[in-house]
DNA sequence: GAACGATACGGAGCACTGTTCCGCTTTGTC
DNA sequence: GACAAAGCGGAACAGTGCTCCGTATCGTTC
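Rendered as structure tokens:
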């Protein structure tokens, strides 16, 4: 059995997941390792010890994000002023997360079965959460899967095109759904 | 109108297209520019003058390959001992070509309309050629499009997996078609 | 709380790649 | 043959992935 992790190692792992997620959103999943290391305030060696390949890191961030996104749903519902506002904020998190998700396909070119497994996990975990937010917001004319997939599709393509801002379109979609 | 090209420039362009095609098959479309330059026996500057971006080069090779593949059909039919042998050799060329084709999608991320245009050209040009080879080989239970697409699908995914050899499967497919 | 492996960290250093730039060579023309 | 224009080659620079090992920190034992 593996020996227990040292406290600083465990801490760094969490720091790295958060930093990598942030950098992925800002610079894409192909961001230089150096940038992630700098964001996390650690050396490059530390990243390579925790995540030997880029795919390892992307997968770990992916799982971490799915989990965070899932937990954020109920939390936002209880914290925000209205369910509608909670939904909007949740969708914003979800879009951040999609950056990682899309990068995953490239990072995992050699192992597509692993990708499908993660994708199934993603749907199982987030579908119900999204469903709760929709129900609380009084939206009944769309299924969670359809909304998530629609948002996902709006986000495909390169992010460096100033003429196309997925978030703007998604906001409009929500306006439509919420009858704003 | 543009002035006529110098003879050496025109020669180099052809040399580069052939060299790049070869290197793409051997090392993938992400092969270092240096490797292509070495294969062609020219300097790197020459490549950049002819093809400012990697996408330019890949597109040019693509068109060149489609043309070569199309011309090879009738030629193989008249040269090889049997139509069946011509078909097998043609399919082999076709598979080489698919490496470039798959790389194209990545190289052209920003310009998907250009991709579809090229794809249409590809189908128009090669479909009939493939049809001729099939007819000459006495195969009537499959359409050119279906065969080409099947071969294409067998080739998706990274080439660096020793456990999966598309050419082996394609050979088996042809065995089945030809009743060997 | 001191001492001491074991564990983890940081970042310099190396290898490799894309891209530019400019002195030199080849070509076409007169 | 002479001369400009066009083209060529590859050194040089900048950015990146990845390794390696001296140093720092942690957890344990007394």
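Chains as they are written, first to last, in our numbering: chain A, -7 to 172; chain B, -7 to 172.
Yeah, the Cβ is synthetic: ideal placement off N, Cα and C, and Gly gets one too.
In the DSSP assignment, residue 147 of chain B falls outside any alpha helix (DSSP H) and carries neither an H nor an E. Comparing alpha-carbon positions, the option among A:137, A:81 and A:114 lying closest to residue 94 of chain A turns out to be A:114. Of all alpha-carbon atoms in B:168, B:2 and B:69, the one lying nearest the alpha-carbon of residue 133 of chain B is that of B:168. The straight-line gap separating the alpha-carbon atoms of residue 4 of chain B and residue 54 of chain B is approximately 17 Å.
Per DSSP, residue 54 of chain A is one residue of the alpha helix (DSSP H) stretching across 46 to 71. Burial check for residue 129 of chain A: the Cβ neighbour count within 10 Å reaches 16 or more, so the residue is buried. The straight-line gap separating the alpha-carbon atoms of residue 109 of chain A and residue -2 of chain B is approximately 56 Å. In this structure, residue 147 of chain A lies near residue 87 of chain A, with their beta-carbon atoms less than 8 Å apart.
Counting C-beta atoms within 10 angstroms of its own C-beta, residue 140 of chain B has 16 or more neighbours from the protein chains shown and is therefore classed as buried. By the neighbour-count criterion, in which a residue is buried when 16 or more other Cβ atoms sit within 10 angstroms of its Cβ, residue 37 of chain B is exposed.
Assigned with DSSP and collapsed to three states, residue 41 of chain B falls in helix.
It is roughly 19 Å from the alpha-carbon of residue 43 of chain A to the alpha-carbon of residue 91 of chain A. For residue 131 of chain A, the secondary structure class from DSSP, reduced to helix, strand or coil, is coil.
Put simply, the region 6 to 18 of chain A does not touch the region 66 to 79 of chain A. Fewer than three CB pairs are less than 8 Å apart.
In the three-state reduction of the DSSP assignment, residue 0 of chain B falls in the helix class. The continuous alpha helix (DSSP H) containing residue 167 of chain B extends over residues 158 to 170.
Residue 83 of chain B is not a Cβ neighbour of residue 164 of chain B, given a cutoff of 8 Å. DSSP places residue 119 of chain B in the helix class (H, G or I) of the three-state scheme. The beta carbon of residue 7 of chain B is closer than 6 Å to those of 32 in its chain, skipping five residues each way along the sequence. Distance from the Cα of residue 65 of chain B is smallest, within the candidate group B:127, B:144 and B:158, for B:127. For a cut-off of 8 Å, the C-beta gap from residue 89 of chain A to residue 61 of chain A is around 5 Å, short enough to register as a contact.
Within the model, the alpha-carbon separation for residue 29 of chain A versus residue 96 of chain A is close to 20 Å. Residues 166 of the same chain have their beta carbon placed closer than 7 Å to that of residue 80 of chain A, with the five preceding and five following residues left out of the count. Exclusion of the five residues before and after residue 161 of chain A leaves 146 as the residues of its chain whose Cβ lies within less than 6 Å of its Cβ.
Nearest to residue 40 of chain B by C-alpha distance, out of B:1, B:78 and B:75, is B:1. Spatial neighbours of residue 58 of chain B in its own chain (CB-CB distance under 6 Å, excluding positions within 5 residues in sequence) are listed in chain order as 114 and 117.
Counting other Cβ atoms within 10 Å of its Cβ, residue 78 of chain A reaches 16 or more and is therefore classed as buried. Judged by DSSP secondary structure, residue 30 of chain B falls within the alpha helix (DSSP H) whose first and last residues are 25 to 32. Rounded to whole angstroms, the separation of the alpha carbons of residue 75 of chain B and residue 156 of chain A is 51 Å.
When the beta-carbon positions are compared, residue 9 of chain B and residue 52 of chain B come within less than 8 Å of each other. Beyond the five residues adjoining it in sequence on each side, residue 144 of chain A comes within less than 7 Å, by CB distance, of 90 in the same chain, given in chain order. Setting aside the 5 residues that flank it on each side, residue 136 of chain A is surrounded in the same chain by 119, 122, 123 and 126, each with a C-beta closer than 7 Å to its C-beta; the list follows chain order. Collapsing the DSSP output to three states places residue 17 of chain A in a helix.
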